[in-house]
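Chemist: In the numbering used here, the protein residues as written are 93 to 283.
1. Within 10 Å of its beta-carbon, does residue 214 have 16 or more other beta-carbons around it, so buried, or fewer, so exposed?
2. Tell me the DSSP secondary structure of residue 116 in three-state form.
3. If you reduce the DSSP assignment to three classes, tell me which class residue 241 lands in.
4. Applying the criterion that 16 or more other CB atoms from any shown protein chain within 10 Å of the CB defines a buried residue, is residue 273 buried or exposed?
5. Quick one: grab the DSSP three-state call for residue 205.
6. Specify, as a first and last residue, the run of the alpha helix (DSSP H) that residue 160 falls within.
7. How close, in whole Å, do the beta carbons of residue 231 and residue 250 come, if the pair is a contact with beta carbons under 8 Å?
8. Whether or not the stretch 185 to 205 and the stretch 159 to 168 are in contact is what I'm after, with contact meaning three or more pairs of Cβ atoms, one per stretch, closer than 8 Å; do they touch?
9. How many Å lie between residue 184 and residue 261 at the Cα?
10. Note down the Cα distance separating residue 57 from residue 229, rounded to an integer number of angstroms.
11. From residue 170 to residue 101, what does the alpha carbon distance come to, in whole angstroms?
12. Taking the alpha helix (DSSP H) that residue 138 falls in, what are its first and last residues?
13. Enumerate in chain order the residues of its own chain whose CB-to-CB distance from residue 257 is below 6 Å, with the five nearest sequence positions on each side excluded.
14. From which residue to which residue does the alpha helix (DSSP H) around residue 103 run?
15. Can you tell me whether DSSP reads residue 276 as helix, strand or coil?
Dropping the structure here:
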């Protein structure tokens, strides 16, 4: 369930970009991010870096579209979103608070969170998401500057990068558990 809430704004954004304006798409995605923040607050959980940061990124892009450049193309909007996600993810690593850690701390027992490899596992998993965001941005950037490439090439890169990060998020803690015999989950319900 948690992985669905985490990815819901991005899925809604991608789907809406196919059927409505870019501004509508980013504002709806921002609203979904804010809804996930509200759900966390109502459940007594912490406000997540990724959800709050994504709400800001989507809203900022929407305001840019509404107030400055309504003609920004679909690829420009997608590239802006990917860069925003990359900055959030990399920023969480640079401030030594990987964004996956917040989800993990709420999903595992305190004794698991206290294990030495727990923090490292979250750095590795956040790193995988950072690389995925970078690959998605690169796919859109290449498509923007090499207009002869088919649109599906960027979609294939985004699909492969996102699904690889999801798979890695599920696989890596299981690998560590087998290797060290200790439960180390990074995200709840990452299936």
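Glycine included, C-beta positions come from ideal geometry on N, C-alpha and C. Model, not experiment: these values are computed from the prediction.
Modeler: In short:
1. Its Cβ being crowded by 16 or more others within 10 Å, residue 214 is buried.
2. In this structure, DSSP gives residue 116 a helical state, which the three-state scheme calls helix.
3. Residue state, collapsed to three classes: coil.
4. Within a 10 Å sphere around the beta-carbon of residue 273 sit fewer than 16 other beta-carbons, which makes this residue exposed.
5. Looking at residue 205 - three-state DSSP - the assignment turns out to be helix.
6. Boundaries cannot be given for residue 160, as no alpha helix (DSSP H) includes it and DSSP labels it neither H nor E.
7. The pair is a contact, with the Cβ atoms about 6 Å apart (cut-off 8 Å).
8. Fewer than three Cβ pairs drawn from the stretch 159 to 168 and the stretch 185 to 205 lie within less than 8 Å of each other, which leaves the two stretches out of contact.
9. In this structure, the alpha-carbon of residue 184 lies about 17 Å from that of residue 261.
10. A query on residue 57 cannot be resolved here, the shown segment of the chain reaching from 93 to 283 and no further.
11. Rounded to whole angstroms, residue 170 to residue 101 spans 13 Å at the Cα level.
12. No alpha helix (DSSP H) contains residue 138, which DSSP labels as neither H nor E.
13. Only 220, 221, 224 meet the Cβ criterion.
14. Counting along the chain, the alpha helix (DSSP H) containing residue 103 begins and ends at 94 to 111.
15. Because the pLDDT at residue 276 is just 48, under 50, the model does not fix this residue reliably, and the point stays unresolved.
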